[in-house]
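Chemist:
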Amino acid sequence: MLRPGAELIADLGGLHRFMDWPGQILTDSGGYQVFSLEPKVTDDGATFRSTYDGDTHHLTPEGAAEIQSLLGADIQMVLDVCPPLPSPPGTIATAVRRTTEWGRRGRAAFLAGRGAREDRGLDQAQFGIVQGGLDPELRRRSAGETVETGFDGYAIGGLSVGETRDEMLPALATALAELPADQPRYLMGVGDPASIVEAVGLGVDLFDCVLPTRHARHGTVLTSEGTLAIKNKAYERDEGPLDASCSCPVCARYSRAYLRHLRRLGEPTGARLLTIHNVWWLSALVNGLRDAVAEGRFAEARAAVLATWA
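The structure is reproduced here in structure tokens:
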């Protein structure tokens with residue numbers, strides 16, 4: 022939104038060309054990031070100060086849709102209100118109301134801009150977002166109102182924001198029960214293996230999370246035997262890969278001893294290599310779950326994941 026700016030990205034051919042990325046791209050509305058800046062929120066939108074230069078900006082549902090259309094991702098998200106948990110019931114109820122109203126406005130803006138996107142050869146989808154905290158009635162209400170608006174797919178937001186997994190899963194199940202089974206269902210901000218496998222079992226199709234990259238920055242490695250803290254002295258002379266069962270280029274080439282050395286030096290290459298491994302490993306986990314669902318052996322796959330990660 023701010024740097025380098027949506028207009029510049031559009032002028033340079035959109036995100037795929039700008040990053041030279043041939044795969045799918047999903048852009049968030051910026052709402053979650055904006056709310057971390059303690060903005061002033063009204064029914065119209067959110068006003069916040071830039072962390073770059075202190076300038077004031079106002080983000081509306083219409084603006085979020087326009088910015089994401091300029092960016093040219095395959096999927097864009099509506100602007101929503103995502104309160105932390107726990108929050109007072111009134112705060113959650115207001116978030117549901119505003120998320121519904123903003124979703125309707127964002128959808129109208131998205132549909133109005135279809136011609137401009139077609140002129141650019143852009144086939145873009147828009148997902149609505151369900152809020153409601155841990156309150157079953159608010160979750161059902163938000164899901165129903167979001168489906169009534171009518172989107173290309175549906176996201177469940179406002180989870181993994183302070184609650185336990187045991188609290189999260191019932192709220193997720195309540196929302197999913199109200200969403201169409203023949204459209205994508207996306208759980209926002211959840212990326213630990215145990216939560217992923219449980220959510221897949223409930224019918225979730227899509228995830229995003231900073232977990233693999235954040236872990237990598239702190240020297241935590243995802244493996245088939247659980248997490249590994251690479252800075253531990255136990256790996257000082259370990260010539261083995263991070264995970265013997267992993268097919269990523271890092272495991273094929275570098276030893277634990279070398280990666281520990283990079284981590285202890287604070288060498289940026291170390292964090293980058295751990296990031297490559299963690300993202301590869303988590304992608305392989307999800308690919309394996311997809312295959313297990315298709316082949317009718319999900320229960321076995323779920324049990325294997327939970328045996329290590331629950």
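If you read the sequence shown in the numbering used here, its first letter stands for residue 22, the second for the next number, and so on.
Virtual Cβ for every residue (Gly too), placed ideally from N, Cα, C.
Run through the stretch 77 to 138 for me and flag every whole alpha helix (DSSP H) of 4 or more residues, listed as ranges in chain order.
Modeler: 82 to 92 and 110 to 133
Chemist: Where does Phe148 sit, in a helix, a strand or coil, going by DSSP?
Modeler: DSSP places Phe148 in strand when its eight states are reduced to three.
Chemist: Give me the residue from Val300, Cys267 and Val218 with the minimum Cα distance to Leu327.
Modeler: The option with the nearest alpha carbon to Leu327 is Val218.
Chemist: Closest to His78 by C-alpha separation, out of Phe69, Ala86 and Gly84, would be which residue?
Modeler: Phe69
Chemist: Got a sec? Which residues, its chain only, sit under 8 Å from Arg162 by beta carbon, not counting five neighbours each side?
Modeler: Val117 and Gly153
Chemist: If you draw a straight line from the C-alpha of Thr2 to the C-alpha of His282, how long is it?
Modeler: The structure shown does not extend to residue 2, since the chain is modelled only from 22 to 331, so the question has no answer here.
Chemist: Indicate whether Met209 and Leu155 have their beta-carbon atoms separated by less than 9 Å.
Modeler: At the C-beta level, Met209 and Leu155 stay beyond 9 Å of one another.
Chemist: Can the beta-carbon of Asp95 be found less than 9 Å from the beta-carbon of Gly52?
Modeler: no
Chemist: Starting from Arg70, follow the beta strand (DSSP E) in both directions and report where the run begins and ends.
Modeler: Ala67 to Arg70
Chemist: Which whole-angstrom value describes the C-beta separation of Leu193 and Leu227, a residue pair presumed to lie in contact below a C-beta threshold of 8 Å?
Modeler: About 13 Å separates the two Cβ atoms, so there is no contact after all.
Chemist: Quick one: what does DSSP say Leu232 is sitting in, helix, strand or coil?
Modeler: helix
Chemist: Taking buried to mean at least 16 other C-beta atoms within 10 Å of its own C-beta, is Gln145 buried or exposed?
Modeler: buried
Chemist: Give me the residue from Pro60, Thr244, Ile113 and Val231 with the minimum Cα distance to Arg160.
Modeler: Ile113
Chemist: Between Leu92 and Thr48, how many whole angstroms is the CB-CB distance? I'm expecting something under 8 Å.
Modeler: Leu92 to Thr48, Cβ: 5 Å. Contact.
Chemist: Nearest-angstrom Cα distance between Leu197 and Gly171?
Modeler: 15 Å
Chemist: What's the gap between the Cα of Pro157 and the Cα of Glu184?
Modeler: 15 Å
Chemist: With a Cβ-Cβ cutoff of 9 Å, do Met22 and Leu80 count as a contact?
Modeler: yes
Chemist: Taking the beta strand (DSSP E) that Tyr275 falls in, what are its first and last residues?
Modeler: It is not in any beta strand (DSSP E) - Tyr275 carries neither H nor E in the DSSP assignment.
Chemist: Enumerate in chain order the residues of its own chain whose CB-to-CB distance from Thr234 is below 8 Å, with the five nearest sequence positions on each side excluded.
Modeler: Thr296, Asn299 and Val300
Chemist: Roughly how many whole angstroms lie between the Cα atoms of Arg323 and Ala133?
Modeler: 43 Å
Chemist: With DSSP as the reference, label Tyr175 as helix, strand or coil.
Modeler: strand
Chemist: What first and last residue would you give for the alpha helix (DSSP H) that runs through Val55?
Modeler: Here the alpha helix (DSSP H) through Val55 covers Gly52 to Phe56.
Chemist: Could you check if Arg258 is buried or exposed, using at least 16 other CB atoms within 10 Å of its CB as the buried criterion?
Modeler: Arg258 is exposed by the Cβ-count criterion.
Chemist: By the DSSP assignment, the alpha helix (DSSP H) with Gly165 in it spans what residues?
Modeler: Taken as a continuous stretch (DSSP letters only), the alpha helix (DSSP H) holding Gly165 covers Pro157 to Thr170.
Chemist: If Glu199 sits next to Ala255, beta carbons under 8 Å apart, how far is it from one beta carbon to the other, in whole angstroms?
Modeler: With a beta-carbon spacing of about 48 Å, Glu199 and Ala255 fall beyond the 8 Å limit used to define contacts.
Chemist: Ends of the beta strand (DSSP E) at Ala202?
Modeler: No beta strand (DSSP E) contains Ala202, which DSSP labels as neither H nor E.
Chemist: On the criterion of 16 or more Cβ atoms from any shown chain inside 10 Å, does Arg206 qualify as buried, or is it exposed?
Modeler: buried
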